[in-house]
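Residue numbers (the numbering used here): 51 to 201.
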């Protein structure tokens, strides 16, 4: 179970960082972000946005996701739908806690450090989408990993 949890958490954390970065780059939501002239420029622009995100934001988000997913697995959901719902809710809570609690000075390239407003609606949409996808990814991959171990 531990190897499943850690691997799935790490992948979900990467999704929670890079999917919002792709959306922010693709829709040009970053005030000083790279200009996207073609779809082939999106990977480099995504990397640039994710790289600009400060280490404190990445670490706090990772820690909050870890705690949320640990609570999900400690509740031992028996149905797949329950695991998915709990993981998505936990990932959303982790993202919102990170946005709310991270001091502005440590928010370089993230939330208030990116747009000047802690809960900017356009950026929040990208962050919510990324965290929901991270929660879904965690739930599906943990279920698949556990099924592989037990079967």
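The beta carbon of each residue, even a glycine, is placed where N, CA and C say it ideally should be.
Cβ shell of residue i (< 6 Å), same chain only, five flanking positions each side left out
i: residue 10; result: Limits of the chain in this structure are 51 at one end and 201 at the other, which puts residue 10 out of reach.
i: residue 190; result: none
i: residue 165; result: 173
i: residue 162; result: 154 and 168
i: residue 137; result: 122, 185, 188 and 189
i: residue 145; result: 177 and 181
i: residue 195; result: 54
Chain-order list of residues whose beta-carbon lies under 8 Å from that of residue i (same chain, five-residue window excluded)
i: residue 75; result: 83, 84, 86, 92, 95, 96, 98 and 99
i: residue 78; result: 85 and 86
i: residue 61; result: 187, 188 and 191
i: residue 65; result: 180, 183, 184 and 187
Contacting residues, own chain, Cβ-Cβ under 7 Å from residue i (five flanking each side not counted)
i: residue 106; result: 152 and 156
i: residue 140; result: 118, 119, 121, 122 and 185
i: residue 68; result: 96 and 100
i: residue 112; result: 63
i: residue 59; result: 115, 116, 119 and 188
i: residue 127; result: 133 and 136
i: residue 108; result: 67
Supposed close pair residue i, residue j - CB separation, criterion 8 Å
i: residue 70; j: residue 176; result: 4 Å
i: residue 73; j: residue 148; result: With a Cβ gap of about 17 Å, residue 73 and residue 148 do not count as contacting.
query: Do the stretch 114-121 and the stretch 165-174 make contact, defined as three or more Cβ pairs closer than 8 Å?
result: no
Entirely enclosed alpha helix (DSSP H) segments - the stretch 62-111, minimum 4 residues: 92-102
query: Which ranges would you report for the alpha helix (DSSP H) in the stretch 100-174 if only whole runs of at least 4 residues count?
result: 105-124, 130-151 and 162-165
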